[in-house]
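The next block holds one structure in the form of structure tokens; read it before the comments.
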Amino acid sequence: MKTLTTLLAGAALAAGLVLPAAAQDDPLKVGFVYVGPVGDGGWTYEHNQGRLAVEAHFSDTVETVYQESVPEGADAERVLTQMALSGADLIFTTSFGYMDPTINVAQRFPDVKFEHATGYKTADNVATYSARFYEGRTVQGHIAGKMTESNIIGYIGSYPIPEVIRGINAAFIAARKANPDVEFRVVWANTWFDPAKEADAATALIEQGADVILQHTDSTAPLAAAEKAGGVIGFGQASDMAEYKPSPRVSSIIDNWSPYYIDRVQAVMDGTWESHQVWQGIREGMVQIGEITDAVPEDVANEARALMDAIASGDYHPFTGPINRQDGSVWLAEGETADDGTLLGMDFYVEGLTGTIPN
Amino acid sequence: MIALEKRPTPSRAWTVLTPLVAVLATMVAGGLMFAALGKDPFEAIRTIFYDPLFNAQFASYSRPQLLVKAGPLILIAIGLSLGFRAGVWNIGAEGQYIMGALCGAGVGLALYPSDSVLLFPAMVIAGAFGGWAWAMIPAILKTRFNTNEILVSLLLVYVAEQFLASAALGVMRNPEGGGFPGSRNFQQWPAAANPELIAGTGMHWGVVAAFVAVIAAYVLLAKHMLGFQIRLAGTAPRAARFAGVNPARLVVICLGLSGALAGAAGLFEVTGPAGQVSIDFGSGYGFTAIIVAFLGRLHPVGILLAGLLMALTYIGGELAQFMLGIPAAAIQAFQGMLLFFLLAVDVLSNYRIRFGRRRIA
């Protein structure tokens, strides 16, 4: 971390020497609102990496500010308003629950641009962006299906919203393809970041016989629980979580926000910023698969890489029929692929998953 | 040699002074912590305590926000303080706050899309009822079976959180919300909304209720028989019994009152600043109110000031985070220091510090 800071400082200094004129203008102020602490090692950590990349790329023509651990709800609206009042020109709100607060505050500050991650509401000055995490879930599900010996895979869900349900479905479809006997057990933690709750959920799943744990929560606590239990594997979520290599962390889904953030900051500088809805995946590099470790047999690792390439090239869509809904009704016919609209609003399990989505 | 000597009666001067000393000590210790983090301590303290009130850029927005944040804290803390004074320990205000919000919102949503002027008052009553009913569980268990109200009320918070999650995902889910959890937004439904009463002041019905509660509690404690009984039961339980105070009745009244106020606070919040029933609606007001009650010396006026101070550290803390890049954890530690110093300095109101050897009579 210290070397990174030194490097960034060095880069800033160098750029400042080369471009003395740039320092004359007021720097563009870019704000980031995080749902967890920047040290969560997962979701928020990666967004903060994106922020640091923006700082490094633009050096002193951009100033960034951030606020961590902002609860979703009334508090978020206040934080956003204060950030806008402090002169921010562009604000990234990086959790689903900031959707309504972002829209509300954006109405009051038409000159400030907002970028909301994983939501679906836009306005003239509110764009949305998200990654096709489900593509990574497919690769993960394949490895999980091949690796499990108990045939029970545990899944820690956060909130039962479409994004999370989509991930469970994608992982399950891939795991079943790899191993027809596989079963999923889903626990809903109702939080994005709560290491104690996440560890409890992982332990409960392991006690039910799960020897692979997938998670849609942001901390490394489930991996720590898997390590403690022994003989259980898991995956890095949102970030590489490399400190748990080579096992229990056998691979990971990495959210790579840096190119997008740099792009959008540049657009504001150039005056070309426009509202849009962006959903990028493995192909664009917004979703990356972290190193598959030696704990995974070579042939399984190769299959996983091939799957990744097929998704990137568009040869394979993670939701390709025949797929039925949980109640047995037909969702996708043979060879049919899911459209983005259905995926974005996904509120049902696919056939074979047990349990119900809380409602 | 320093010795502590118990005062015959708590020092009046120190009772008033300790909160101020605690705030000063927090500023010093917090300043040292900020300095250790490489931030300018004076700038940090100024950002937390001064900028939300007087900074030209922020004050017009953050001053009203102070009331929005302090309103529920004060309303809940007033209710709790009555119980605490009588030795009835309701630790579960967070649960009563949630259940109040659920009950009140439930009544409202059941009548959607009514535009009756009676709708909002009915929701407020339902909210207070929800909190009252939730508090009656520990009250009845205590009076009937002599269970510990601290444990029962605390554990019921977690039960309430489960009800909240279930309601946000199930019965109260917005049918037009595209499958996402969370109820309809009350802010967009005028008959059920708790809006800002005068634009730019932050005043909503919950803040009004908090001020009314402060005055009512003051009158109750100073002038009313029940207030006398509460004070007596807390300071001298045996004397209270001889004076004809029925302890079971007092437990039911204290828990009921604090539950009803917490429930009403929940309803004002869900229809106002929060806007909707969502999974993480409970934002810890019920727990923070316990700190506010003690910071305010369990005195209504003290609680009013303590609630505003607490709100200031929240809003100023947020400013300090993104203006100066101070980590959220450091702000929480700073708030923790406040309570720690308050309890530590409290020793001074009950004990005298004596330097030198104690003389043995």
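Chain order of the listed sequences is A and B. Mapping of the first sequence onto the working numbering: residues -11 to 347, in sequence order. Mapping of the second sequence onto the working numbering: residues 21 to 381, in sequence order. Beta carbons: idealized from backbone N, C-alpha and C, even for Gly.
Which of helix, strand or coil DSSP assigns to residue i
i                : result
Leu312 (chain A) : According to the sequence as given, residue 312 (chain A) is Asn; it is not Leu. The answer is strand: DSSP assigns Asn312 (chain A) an E or B state.
Tyr122 (chain A) : helix
Thr136 (chain A) : coil
Val108 (chain B) : coil
Phe97 (chain A)  : coil
Glu272 (chain A) : coil
Phe200 (chain B) : coil
Gln203 (chain A) : strand
Ala176 (chain A) : Checking the sequence, you will find Trp at residue 176 (chain A) rather than Ala. Strand.
Arg406 (chain B) : It is not possible to answer for residue 406 (chain B), since the shown part of chain B is limited to 21 through 381.
Gln265 (chain A) : strand
Arg83 (chain B)  : helix
Leu131 (chain B) : coil
Thr208 (chain A) : coil
Val26 (chain A)  : coil
Trp152 (chain B) : helix
Trp31 (chain A)  : helix
Ala10 (chain A)  : With a pLDDT of only 39 at Ala10 (chain A), under the threshold of 50, the placement of this residue in the model should not be trusted; the figure read from the coordinates follows. Ala10 (chain A): helix per DSSP, three-state reduction.
Thr342 (chain A) : coil
Short CB-CB distance (under 7 Å) between residue i and chain B
i                : result
Arg66 (chain A)  : yes
Pro59 (chain A)  : yes
Thr342 (chain A) : no
Gln55 (chain A)  : yes
Thr330 (chain A) : no
Thr69 (chain A)  : yes
Ala62 (chain A)  : yes
Pro210 (chain A) : no
Any chain A beta carbon closer than 7 Å to residue i
i                : result
Pro92 (chain B)  : no
Glu338 (chain B) : yes
Ala348 (chain B) : yes
Pro293 (chain B) : yes
Ile310 (chain B) : no
Ser203 (chain B) : no
Tyr117 (chain B) : no
Gln77 (chain B)  : yes
Ser173 (chain B) : no
Ile351 (chain B) : no
Gln85 (chain B)  : yes
Asp71 (chain B)  : no
Tyr305 (chain B) : no
Asp300 (chain B) : yes
Tyr371 (chain B) : no
Selected residue, minimal CA-CA separation from residue i, among the options
i                : options                                : result
Glu279 (chain A) : A:Ile141, A:Trp245, A:Ser227, A:Lys216 : A:Ser227
Ala294 (chain B) : B:Trp109, B:Val36, B:Asn205, B:Phe62   : B:Asn205
Asp71 (chain B)  : B:Ala350, B:Arg374, B:Ile335, B:Ile22  : B:Ile335
Pro28 (chain B)  : B:Met53, B:Phe375, B:Ser369            : B:Ser369
Val137 (chain B) : B:Leu184, B:Ile118, B:Ala213, B:Pro92  : B:Ala213
Pro201 (chain B) : A:Asp199, A:Gly29, A:Lys233, A:Gly85   : A:Gly85
Val284 (chain A) : A:Thr344, A:Leu193, A:Ala300, A:Lys233 : A:Lys233
Leu277 (chain B) : B:Ala263, B:Val297, B:Asn266, B:Leu246 : B:Leu246
Leu171 (chain B) : B:Arg164, B:Gly112, B:Gln116, B:Thr163 : B:Gly112
Glu306 (chain A) : A:Phe336, A:Gly340, A:Ile270           : One detail in the question is off: residue 306 (chain A) reads as Pro in this sequence, not Glu. The candidate whose alpha carbon is nearest that of Pro306 (chain A) is A:Ile270.
Gly147 (chain B) : B:Ile311, B:Ala285, B:Arg374           : B:Ala285
Ile323 (chain B) : B:Met330, B:Leu332, B:Ala313, B:Ala331 : B:Ala313
Ser239 (chain A) : A:Glu103, A:Ile131, A:Glu339, A:Gly38  : A:Ile131
Thr179 (chain A) : A:Asn167, A:Glu151, A:Asn113, A:Ser146 : A:Ser146
Asp282 (chain A) : A:Ile221, A:Ala212, A:Thr260, A:Tyr54  : A:Ile221
Residues bridged to residue i (per DSSP)
i                : result
Phe307 (chain B) : According to DSSP, which records beta bridges pairwise, Phe307 (chain B) is partnered with nothing at all.
Glu171 (chain A) : A:Ile140
Arg32 (chain B)  : Bridge partners of Arg32 (chain B): none, in fact.
Asp243 (chain A) : A:Val275
Ile373 (chain B) : B:Leu24
Cβ-heavy atom distance, residue i to the ligand MN, below 6 Å
i                : result
Met357 (chain B) : Only the bare structure without any ligand can be found here, which leaves the ligand MN out of the picture.
### Message
To be precise: take each residue of the region 234 to 251 of chain A, compare its Cβ to all Cβ atoms of chain B, and keep it if any distance is under 7 Å. Which residues remain?
### Response
none
### Query
Using Cβ-Cβ distances below 7 Å, what residues of the region 149 to 169 of chain A are close to chain B?
Ile149, Pro150
### Query
Using a beta-carbon distance cut-off of less than 7 Å, what residues from the region 126 to 147 of chain A approach chain B?
Tyr147
### Query
Closer than 7 Å, Cβ to any Cβ of chain B: which residues of the region 172 to 186 of chain A, in chain order?
Asn178
### chain A contacts made by the region 273 to 285 of chain B, where a contact means CB separation under 7 Å
none
#### Entry: Against chain A: residues of the region 183 to 201 of chain B by CB proximity under 8 Å
Ala185, Ser186, Leu189, Gly190, Arg193, Gly198, Gly199, Phe200, Pro201
### Query
When Cβ atoms are compared, which residues of the region 92 to 111 of chain A fall closer than 9 Å to chain B?
Asn92, Tyr108
### Message
Short of 8 Å Cβ to Cβ, which residues in the region 139 to 167 of chain B face chain A?
### Response
none
### Query
Got a sec: which bits of the region 35 to 66 of chain B sit with their beta carbon under 8 Å from any beta carbon on chain A, in order along the chain?
none
#### Entry: Residues from the region 241 to 254 of chain B in contact with chain A, defined by Cβ distance under 8 Å
none
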